[in-house]
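Going by our numbering, the sequence shown opens with residue 5, and the numbers climb by one from there.
For every residue, glycine included, the Cβ atom is placed at its ideal position computed from N, Cα and C.
Just so we're clear, the structure is a prediction, and the values are computed from it rather than from any experiment.
Read through the structure below, which is laid out as structure tokens, and then see the notes.
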Amino acid sequence: MPRPHRNTAQGYTHHCYTMCHAKKYLLLGHYGKKYFIESIKMCQEKYNFELIAAEIVGNHIHLVIRTLADHETISKIMQYIKSRIAEKYNRENSTSGAFWNERFGSKVIEETEDPRQYLLYLLWYIGYNPVRKKLSRDPRKNQIGFIRCYLNFKTEIDIKITIHNYFHELGPDFNECVKKFLLYEDAYRKRLAVLL
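This is how it looks when you write it as structure tokens:
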């Protein structure tokens, strides 16, 4: 049975995730972070898109990307990032062969029942992913730490993050938006406590 076509709608926000080959923890530690950040930076220099969130979790990565009309598709952007990470890893370790499982997963945020709520909750889900895997104690202190950009207006991290419009719709100014955004963290933490 042929696999379904990916939704590559332009001008939409895509939650993308991809797993290392055989679920191996190939991205743990300093070098995993280095490959990830360098590859994203290269992609941001080559293509036009908005990076809403990015996090690394040892054996997989999460990216939230908003593509722009008449620019590169989500498939082209993800293919580029995945290829660069694999190249860097194989070169550094003098290896070859598969680095990723076959295909990346993706979901178009704007096609969910309540896109704004979905995205704002998703940001905390992604931020807490390394915490759940015991790679971090707080999403604010993760290796990539994209969530800090949503909590402090002047925060800069190693990659350029574009704050999504759904965040800006939470209030009349950044501080009000942060207050409401933290309610999504509370909701996520309550759900996490039930799961644990």
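- Spanning the alpha carbons of residue 68 and residue 186 requires a straight line of approximately 19 angstroms.
- Collapsing the DSSP output to three states places residue 96 in a helix.
- Boundaries for residue 130: no beta strand (DSSP E) harbours it, while the alpha helix (DSSP H) harbouring it runs 119-136, taken from the DSSP string.
- As computed with DSSP, residue 70 is found in a beta bridge with 17 and 54.
- Residue 103 and residue 25 have their C-alpha atoms roughly 5 angstroms apart.
- The straight-line gap separating the alpha-carbon atoms of residue 113 and residue 169 is approximately 12 angstroms.
- For residue 109, the three-state secondary structure derived from DSSP is strand.
- Taking all protein chains in view, the Cβ of residue 72 is surrounded by fewer than 16 other Cβ atoms within 10 Å, so the residue is classified as exposed.
- When 153, 146 and 190 are compared, the shortest CA-CA separation from residue 34 is found for 146.
- In the structure shown, residue 25 adopts helical secondary structure according to DSSP, grouped into three states.
- Going by beta carbons, residue 144 and residue 155 fall inside the 9 angstroms limit.
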